[in-house]
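> First, the structure itself, so that you have it in front of you.
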Amino acid sequence: MKLIQSGPKNARIVVVGEAPTGVDIKSNQPLAGGTGELFNRMLSAVGISRSETFITNITHVTPPKGDFRWFLKPSPKLQLVTGLMQLKKDLVEIKPNLVVCLGPYALQYLTGKVGINKWRGSILPVTLEPGLKAIGTFAPSYILKMWDYKAVADFDLKRIAEEATFPEIIRPERTFHLDPSREDSIGLLASLLEADWLSVDIECVNTDSGWKLSCVGFSDSPQRAVVWPCDEVWKVQTIKELCESPVRKVFQNGTFDITVLGDEGIVVPYESFQWDTMLGHHALFTECAGGSDEMSSMGGKKKQAALMKGLGFQTSIYTKEPYYKDDGKTWHETGDKQMFWRYNALDASVTHEIRGVQEKELEEFGTTDVLKHEVALIEPLHKMMQRGVKIDMELRESLKADFQKQIDNLQVFLDKSAGQSVNVKSPKQMLELLYDKLNLPQKYNHKTHKPTANKDAIIELGEKHNHPILQTILAIRQRRDFVERYLDVPLDADGRMRCAYDITGTRTGRLSSRQSIYGSGTNLQNIPSRRPEGEAIRRMFLADRGKVLVGRDYKQAEAWLVAYLSNCEPLIELFNNPDRDVHTENASRIFGIPVAEVKPDQRYLAKKVIHASNYGMGPNRLVQIVNEDTPVTGVRIGFKEASQLMEKYFMLFPEIKETFWKGCERELRYSRVLTTPLGRKRMFFGRWDDKLLREAYAYIPQSTVGDLTNKALINCYHRIEKVVPGAELMLQVHDAIYTQCKVEDALRVSAMMEEAMKIPLTYNGKTFIIPSDCKIGYNWGVRKDDNPLGMVDSEKWRPDAATQTGQLA
DNA sequence: GCAACGAGCGCC
DNA sequence: AAAGGGCGCTCGTTGC
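Going by the numbering used here, the first sequence opens with residue 212, and the numbers climb by one from there.
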């Protein structure tokens, strides 16, 4: 058999891939072609040259279709066995300091570990030839397909370069005190109270009556941890004493921990909660926002991102502790409590270790203040999450009944028109109905290029074919969504709706929101409001008795940012002149008419054009966005008009492309990092393409507004909630903050919020403050004839409105 | 019967 | 040629 391998037999590093490709065979070189080039570049980036490594594969034949599984099914093939024997022989001969396993099969056959995502980066003993050590990472061919995996493989390569200098496996040494005796606990408690940093990690189980604490681990150095189970009163007391002490603490996703501890009567002082490794990780790698978190049992429905956020992933890049996260699950099967406590202790000491590494890395990357900002958010957000919002149960029920009745009627009509019963939420049935049965011209999703029956498609179809079924489909879908996603949401026992805000939930620094950790409530950042049909849903969110909701949002915040990021004098001047309306002025310029002659439709269009243009949208998308709302606005445009308007806009304000976009691109090309005016940094790992650029254009304004709102939220908390009796933060919706306060304090609180939100931003040497608008009401809906207690502009609001309607009685 | 995924859609 | 970005939730579908 011909061997496809290369490199000196005295190499320190042996690289093992899975099987040669056709290109490898042809060139008689392992890791040839594009994957090889990529790998060479990654190696040289960490100071290793390919020629000093010995490169080989598990097997030396190419499997059909390049699918390695061919060697395994139905039973291991001879080619695999001989390949492994050859590999063992090569390893004996070379005796390298380190074996690098590229891809899951290389890892599995060399170390016995299954799961490249779990075990990559771990320093492992080689089982194929005992006495050697190995590190696994993603195969370069995989990275070529999934480019964001490169960033993670680069971490592993750094470790590979380091570990290749010596042959020993050096593990972190840690001493654990698991369930110490009462006598030993006295000394341990005393010394833990002296810690410079104390890491805390809880283990708990989800029961019908909420989260139940199982044990808590503490660590005062990476080398030591103590675990007390919660099975005796004195142990819980010890845990309580440590948690409630002023010693500064570090958690891993601690908002969850302090909530569960709080439910057990253990109150962690906020001022002692000074570090969170999940937040530290997020301040270093915002990309982790899309990744999974193995701590949480809910959510995680998204596609697995390469850069994960959980402790398992953090451990793999910040420490040399090998993967251990499966221990936390297997103890359940074995009932081995020692194993469970050891797992808890390891979590605690690893958390401590990670904090130390993060401190240096944050300093180096320049985002120490970003972490401080994120830590400062914990307290106000925790308060909001505990508080929740009161729900009008009667209104909720009647809304549900109303929508259900509408759904039923519309469904009867639809079934009759279609000649069969159809489910509007079944993509399959809808494609059949629209494109097969009704034979309408097929519409395609612009992103996936697949046939679609989504809203845009149906609206487009409706423009040419006036089939009554089309509108009905949309109406049913919308109302089913209202019921399923907003009205059927389980509430907490006290009739309140709570959510869980996630500080690490986005790549931009905006918050994300989802159902609470108890499984009740839902995302409170997407409650309907834009459409008249859905606005009523907001009416069920109430201020508490005797109070009003005071909501303040930044006006055109992202557009302000774009004006300054572009250093566009005419736009800046427009925004800063209170006598001029940006959209009217822009409409006047875009349509080439005097300001006084601008009609509402034109102003509206100008507004949409600005929004679309700022972020690299195309005219087609603008058409969709405008025509989607035609039933409400009466405004409709075509492709040609949209193109002309956008062209005009860019001609009027060339700085958007020339300064803002080009500047982004330059910075990105130079360092792959963009920094916002508020100091948040995002490294862009993706492949260099248009999508990357569009993400980049959106990043700075979106991130700045998110951080600005959160800074304002922190201000509101310290200057209002902690000062004005009865005033409380209620909601955060990206560029808006809602508080509630006593009716008589409403205008005062509104003014205080305005001040709290006046946070100066500086860019290009120009300092500016984005203004905000205020609305006040007894419920979250809009004040209308049929909703007199809804929110209204603060200028129009009078405190006596409620007494007239009896809300305060 | 459950898990994972995609489509679709709500918000900013 | 055409193209915003950022989220989370529900259902239907599919695959194990």
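Just so you know, even glycine gets a beta-carbon here, dropped at the ideal spot from N, CA and C.
Between the C-alpha atoms of Ile224 and Cys499, what's the straight-line distance to the nearest angstrom?
30 Å
> Curious, which full-length alpha helix (DSSP H) runs of at least 4 residues does the stretch 288 to 375 contain?
Listed in chain order, the complete alpha helix (DSSP H) runs (minimum 4 residues) inside the stretch 288 to 375 are 289 to 305, 315 to 322, 327 to 330, 351 to 356, 360 to 374.
> Can you give me the C-alpha to C-alpha distance between Phe864 and Lys766, rounded to a whole angstrom?
20 Å
> Looking only at its chain, what residues have a beta carbon closer than 7 Å to the beta carbon of Leu782, apart from the 5 residues adjacent to it on each side?
Ala774, Phe864
> Helix, strand or coil for Ile618, going by three-state DSSP, please let me know.
Ile618: helix per DSSP, three-state reduction.
> How many angstroms separate the CA atom of Pro275 from the CA atom of Ser352?
So the two alpha carbons sit approximately 16 Å from each other.
> Taking Glu769 and Gln913 to be in contact with their CB atoms under 8 Å, please state how far apart those CB atoms are, rounded to whole angstroms.
7 Å
> Considering only the beta carbon of each residue, do Lys859 and Val837 sit closer than 7 Å?
no
> Ile371 to Leu313, Cα distance in whole Å?
Going from the Cα of Ile371 to the Cα of Leu313 covers about 12 Å.
> Compute the Euclidean distance between the alpha carbons of Met506 and Asp547, then round it to the nearest angstrom.
Confidence in Met506 is poor, its pLDDT being 37 and thus under 50, which makes the residue's placement unreliable; the coordinate value appears in the next sentence. Roughly 20 Å separates the two Cα atoms.
> State the DSSP-derived secondary structure class of Phe496, mapped to helix, strand or coil.
coil
> Note the first and the last residue of the continuous alpha helix (DSSP H) segment covering Ile684.
That run of the alpha helix (DSSP H) goes 679 to 692.
> Going by C-alpha distance, which of Leu621, Asp235, Ala664 is nearest Ile687?
Ranking the options by Cα distance to Ile687, first place goes to Leu621.
> Would you kindly work out how many angstroms separate the C-alpha atoms of Arg741 and Ile748, rounded to a whole number?
Going by C-alpha positions, Arg741 is about 11 Å away from Ile748.
> Do Asp817 and Asn788 have their C-beta atoms within less than 7 Å of each other?
Note that residue 817 is Ala in the sequence shown here, rather than Asp. The answer is no: Cβ separation not under 7 Å.
> Between Glu585, Leu403, Val416, Lys531, which has its C-alpha nearest Ile925's C-alpha?
Nearest neighbour of Ile925 by Cα position, chosen from Glu585, Leu403, Val416, Lys531, turns out to be Glu585.
> DSSP state of Asn831, grouped into three classes?
Here Asn831 sits in helix by DSSP.
> Whole angstroms are fine: how far does the CA of Lys873 sit from the CA of Ala907?
11 Å
> Using a 10 Å radius around the Cβ and a threshold of 16 neighbouring Cβ atoms, would you call Phe895 buried or exposed?
Within a 10 Å sphere around the beta-carbon of Phe895 sit 16 or more other beta-carbons, which makes this residue buried.
> Would you report the Cα separation of Ile397 and Lys324, rounded to the nearest angstrom?
41 Å
> How many angstroms separate the CA atom of Leu644 from the CA atom of Gln617?
When rounded, the separation of the alpha-carbon atoms in Leu644 and Gln617 is 22 Å.
> Ala222: buried (16+ other C-beta within 10 angstroms of its C-beta) or exposed?
buried
> Quick one: any contact between the stretch 320 to 339 and the stretch 288 to 306, if contact means 3 or more CB pairs under 8 Å?
The count of Cβ pairs closer than 8 Å, one atom from the stretch 320 to 339 and one from the stretch 288 to 306, reaches three, so the stretches are in contact.
> Under a three-way DSSP split, which group does Asn990 fall into?
strand
> Does Ser983 come out as helix, strand or coil in the three-state DSSP assignment?
strand
> With three or more C-beta pairs closer than 8 Å as the rule, is the stretch 547 to 565 touching the stretch 419 to 430?
yes
> Let's test the definition: count the other Cβ atoms within 10 Å of the Cβ of Trp445 and tell me whether it reaches 16, buried, or not, exposed.
exposed
> Does the stretch 973 to 993 come within contact of the stretch 748 to 758, defined as at least 3 CB pairs closer than 8 Å?
yes
> So for Tyr729, helix, strand or coil by DSSP?
coil
> Mind checking which residues open and close the beta strand (DSSP E) that includes His676?
No beta strand (DSSP E) holds His676; DSSP gives it neither H nor E.
> Applying the criterion that 16 or more other CB atoms from any shown protein chain within 10 Å of the CB defines a buried residue, is His388 buried or exposed?
buried
> My guess is that Val173 and Asp487 are in contact by the Cβ rule of under 8 Å, so how many angstroms apart are they, rounded?
Residue numbering for the chain in the displayed model covers 212 to 1020; residue 173 lies beyond these limits and cannot be assessed.
> Which term fits Lys512, buried or exposed, when burial requires 16 or more other beta carbons within 10 angstroms of its beta carbon?
Residue placement at Lys512 cannot be trusted, given a pLDDT of 33 that sits under 50; what the coordinates show is reported in the next sentence. Exposed, since its Cβ has fewer than 16 Cβ neighbours within 10 Å.
> Measuring CB to CB, does Ser983 end up less than 7 Å from Arg721?
Ser983 places its beta carbon 7 Å or farther from that of Arg721.
> Checking the sheet assignment: what are the DSSP bridge partners for Val1003?
Beta-bridge partners assigned by DSSP to Val1003: Ile987.
> Spell out a yes or no on whether the stretch 253 to 264 and the stretch 353 to 368 are touching, meaning 3 or more CB-CB pairs, one atom from each, closer than 8 Å.
yes
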